[in-house]
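What follows is a single structure, written as structure tokens, with notes after it.
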């Protein structure tokens, strides 16, 4: 069956658009006027869906979701698996197709237990249900600057060194896709190359790094900034800091908390 989705907002297009999906499920035309699409009376079993100005786009990929439906992902245990399934379905209805559950700073033992739950849950995710898929886990901590820790508990923050990183990852290094660190906590320069060798994306955040320290981290392989502008010094004309270094370094991606509160809407 063919389908025309009409009166849709589409990324990279100005104004409302009409979208034609052929009987193979492929979008083969996007046009501002309905009459420019294939004639409905020449198509088998045509259908029209008027979305009245809503967005039509690819599903979103959210790299930092700390919890949902009353559950903080840091607290996940095996009895939460049914609730994890509900969260995935809820996120799908919000337009999220894939995501990384994000664990905040806690004890190494609790991190390991939580990772073990996700290690069991992720391979069991059904492909056919309308549900967001978990790609892996984002560790936001415990290698954060105490002065920029925000809500992260001080007693569980750890020094940034290779021994502690290996202990936190344990047997679940392949499950961790992103880790947020404060690069100024390490002077040797061996942690970021090690994490990159494990195919873990290194994001800088909860940090007081100078521009020079941040630039060294980017040169070592860091490629992201966690919730830019938050839990780091603001941009200053004489002290550009982590934020300034990130904004002028090609290939570095800055995440934002797009709620209109953490950054201006």
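Numbering (this note's numbering), first residue to last: 253 to 517. Cβ atoms here follow ideal geometry from the backbone N, Cα and C, with glycine treated the same way.
Item                                                                                                                                                          : Value
Below 6 Å, is the gap between the Cβ of residue 361 and the nearest heavy atom of the ligand ATP?                                                             : Looking at this structure, you won't find the ligand ATP or any other ligand, since it has none at all.
Quick one: grab the DSSP three-state call for residue 459.                                                                                                    : coil
Can you tell me whether DSSP reads residue 438 as helix, strand or coil?                                                                                      : coil
Between which residues of its own chain and residue 410 is the CB-CB distance below 7 Å, once the five residues before and five after are set aside?          : 394, 395 and 416
How would you write the range of the beta strand (DSSP E) that residue 354 sits in, first residue to last?                                                    : 348–355
Is the beta carbon of residue 203 less than 7 Å from the beta carbon of residue 323?                                                                          : With the chain running from 253 to 517 in the structure shown, residue 203 is simply not present.
Rounded C-beta distance between residue 477 and residue 457? I'm assuming under 8 Å.                                                                          : 6 Å
According to DSSP, is residue 337 helix, strand or coil?                                                                                                      : helix
Compare the C-beta of residue 300 against all C-beta atoms of chain C and say whether one is closer than 7 Å.                                                 : Absent from the structure: chain C. Only one protein chain is present.
State whether the stretch 470–489 contacts the stretch 446–456, with contact taken as three or more CB pairs (one from each stretch) at a distance under 8 Å. : yes
If you check the beta carbons only, do residue 469 and residue 444 fall under 7 Å apart?                                                                      : yes
Use the C-beta contact count for residue 314: other C-beta atoms within 10 angstroms, 16 or more gives buried, fewer gives exposed.                           : buried
Per the contact definition of three or more C-beta pairs closer than 8 Å, is the stretch 345–357 in contact with the stretch 372–379?                         : no
Would a C-beta distance cut-off of 7 Å place residue 301 and residue 257 closer than the cut-off?                                                             : yes
Can residue 427 and residue 483 be called in contact, C-beta distance under 7 Å?                                                                              : no
So what's residue 416 in DSSP terms, helix, strand or just coil?                                                                                              : helix
Taking only three categories from DSSP, how would you classify residue 362?                                                                                   : helix
For residue 323, does the three-state DSSP call read helix, strand or coil?                                                                                   : strand
Taking buried to mean at least 16 other C-beta atoms within 10 Å of its own C-beta, is residue 359 buried or exposed?                                         : exposed
What's the C-alpha gap between residue 442 and residue 413?                                                                                                   : 8 Å
Who are the Cβ neighbours of residue 268 in its own chain at under 6 Å, not counting the five residues just before and after it?                              : 259
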